[in-house]
Amino acid sequence: MAIPSGSAAAVIPTKSLPSSRGPQSLFPSRTKPSRTAPSLRPISAAVTALPPPGRTEKWAPDSWKTKEALQLPQYPNQEELQTVLETLGSFPPLVFAGEARSLEERLAEAAMGNAFLLQGGDCAESFKEFNANNIRDTFRILLQMSVVMMFGGQMPVIKV
Numbered sequence: 000m001a002i003p004s005g006s007a008a009a010v011i012p013t014k015s016l017p018s019s020r021g022p023q024s025l026f027p028s029r030t031k032p033s034r035t036a037p038s039l040r041p042i043s044a045a046v047t048a049l050p051p052p053g054r055t056e057k058w059a060p061d062s063w064k065t066k067e068a069l070q071l072p073q074y075p076n077q078e079e080l081q082t083v084l085e086t087l088g089s090f091p092p093l094v095f096a097g098e099a100r101s102l103e104e105r106l107a108e109a110a111m112g113n114a115f116l117l118q119g120g121d122c123a124e125s126f127k128e129f130n131a132n133n134i135r136d137t138f139r140i141l142l143q144m145s146v147v148m149m150f151g152g153q154m155p156v157i158k159v
């Protein structure tokens with residue numbers, strides 16, 4: 000197998016199969032559609048964003064404070080907690096609005112069957128496991144998985 004320098008095209012090995020059609024590629028050709036194009040229909044996630052019946056509250060940056068905290072640790076020093084919350088509140092956002100809109104568009108592609116969503120990462124690991132090596136290793140394995148999925152599935156992979 001060879002990958003031409005500066006090109007996204009790859010030479011895919013062929014395998015002779017016992018058929019009258021001669022040699023066939025192991026993977027579907029990128030130039031020939033291997034499936035019919037999906038019918039375009041508008042999709043919307045608005046239904047999932049609606050509050051439960053009987054509730055009229057809307058989301059706001061501090062709306063999380065109205066929710067019951069079921070899995071949070073106890074903070075014995077409330078003054079220190081308030082200081083940390085103010086410090087965090089002064090930082091720029093972790094995700095910008097444009098990034099969220101872009102992700103929403105890409106997720107719509109996945110919902111229509113034109114992309115695959117790969118979501119991975121930590122769930123409930125302790126802070127002692129939060130270090131540069133673990134983050135790098137997790138990121139690396141997600142990238143490796145996405146490359147395999149893109150090559151095998153012949154469609155874009157959305158990495159979250």
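Using numbering that gives the first Met the number 0, read the sequence shown as starting at 0 and increasing by one per residue.
Cβ coordinates follow ideal geometry from the N, Cα and C atoms, glycine included.
These numbers were taken from a predicted model, which means no experiment stands behind them.
- Counting of Cβ neighbours within 10 angstroms places Val156 among the buried residues, the total reaching 16 or more.
- Fewer than three pairs of CB atoms, one per stretch, sit closer than 8 angstroms, so the segment 139-146 makes no contact with the segment 98-106.
- In the DSSP assignment, Leu117 falls within the beta strand (DSSP E) that extends over 115-117.
- Non-local beta-carbon contacts of Val159 in its own chain, meaning distances under 6 angstroms to residues more than five positions away in sequence, involve Gln118 in chain order.
- DSSP, read as helix, strand or coil, puts Val94 in coil.
- Non-local beta-carbon contacts of Tyr74 in its own chain, meaning distances under 7 angstroms to residues more than five positions away in sequence, involve Leu80 in chain order.
- Val159: not part of any beta strand (DSSP E); DSSP gives it neither H nor E.
- Collapsing the DSSP output to three states places Met149 in a helix.
- Separation of the CB atoms of Met154 and Ala114 is rounded to 6 angstroms, and the pair is thereby assigned contact status at 8 angstroms.
- For a cut-off of 8 angstroms, the C-beta gap from Leu116 to Leu106 is around 7 angstroms, short enough to register as a contact.
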